[in-house]
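Chemist: Going letter by letter, the sequence shown gives residues 1 to 164 in this note's numbering.
Don't be surprised by glycine CBs; every beta carbon is placed ideally from N, CA and C.
Here the structure is a predicted model, which is why all the values come from computation and not from measurement.
This is the structure I have questions about; it appears just below.
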Amino acid sequence: MPMPRFLCDRMFVRLGRYLRAAGYDTLIAADGAEDRALLAQARREHRLLVTGDRELALHARAPGHVLVLSSTGVASAAAELSRQVPIDWLAHSFTRCLLCNARLRRAPAGALERVPRESRQLAGELWECPACGRLYWEGSHVRRMRGCLRRWQEASLEVASSPS
Ligand SMILES: [Zn+2]
Numbered sequence: 001m002p003m004p005r006f007l008c009d010r011m012f013v014r015l016g017r018y019l020r021a022a023g024y025d026t027l028i029a030a031d032g033a034e035d036r037a038l039l040a041q042a043r044r045e046h047r048l049l050v051t052g053d054r055e056l057a058l059h060a061r062a063p064g065h066v067l068v069l070s071s072t073g074v075a076s077a078a079a080e081l082s083r084q085v086p087i088d089w090l091a092h093s094f095t096r097c098l099l100c101n102a103r104l105r106r107a108p109a110g111a112l113e114r115v116p117r118e119s120r121q122l123a124g125e126l127w128e129c130p131a132c133g134r135l136y137w138e139g140s141h142v143r144r145m146r147g148c149l150r151r152w153q154e155a156s157l158e159v160a161s162s163p164s
């Protein structure tokens with residue numbers, strides 16, 4: 001089954017970044033984007049529109065393209081999302097740029113010089129965004145996000161295996 005693709009509205013900017021961290025192709029709505037335009041984009045690009053706007057869901061004539069979440073915090077929104085769409089939070093983690101959604105590639109030799117000096121020893125493998133040039137390595141930010149992804153993954157497995 002192909003990985004679902006997402007379009008997050010402005011209420012779910014943080015969730016959108018975490019979906020990118022988990023490797024899911026995720027767009028985040030621009031400020032002021034209209035619901036109708038978002039819906040049209042979701043349909044056109046075969047994305048799930050992640051929204052908190054129930055009105056929009058009610059008006060949506062695009063079954064299968066809208067996913068309404070009632071949670072606002074990123075962790076509870078992630079749990080709610082996982083219950084509606086199977087998400088593997090870890091399998092493809094850190095394969096996309098958190099800022100622009102592009103797939104990361106292995107950074108070219110010499111990129112280590114762009115890593116802050118104090119992080120170089122710990123950096124390990126370096127990945128680069130081909131679109132914005134940002135570098136990713138297993139630093140504190142990535143570790144923190146990975147910790148969240150791991151917790152969410154464990155929680156979703158527990159839910160999946162508990163008798164209902
Ligand atoms: Zn980027």
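Using a threshold of 7 angstroms, is the CB atom of C148 nearer than that to any non-hydrogen atom of ligand 1?
Modeler: For the purposes of this step, residue 148 is taken as the residue at position 148 of the sequence shown. Flag unset: Cβ of C148 not near ligand 1.
Chemist: State the DSSP-derived secondary structure class of W152, mapped to helix, strand or coil.
Modeler: In the sequence shown, residue 152 corresponds to position 152, counting from 1. W152 falls in the helix class under three-state DSSP.
Chemist: Around the Cβ of R83, are there at least 16 other Cβ atoms within 10 angstroms (buried) or fewer (exposed)?
Modeler: By 1-based counting over the sequence shown, the position of residue 83 is 83. Exposed is the call here.
Chemist: Note down, one range per segment and in chain order, each alpha helix (DSSP H) of at least 4 residues found wholly within the region 33 to 86.
Modeler: Runs found: 35 to 44, 54 to 59 and 74 to 84.
Chemist: Can you tell me which residues fall inside 6 angstroms of ligand 1, judged by beta-carbon distance to its nearest heavy atom, and keep chain order?
Modeler: Spelled out in chain order, the answer is C97, L99, C100, A102, C129, A131, C132 and R134.
Chemist: Nearest CA to the CA of R103: which residue from S93, A109 and R43?
Modeler: Position 103 of the sequence shown, counted from the first residue, corresponds to residue 103. Residue S93 is the option with its Cα nearest to R103.
Chemist: If contact is defined by three or more beta carbon pairs under 8 angstroms, each pair taking one atom from either stretch, is the region 113 to 133 in contact with the region 65 to 81?
Modeler: no
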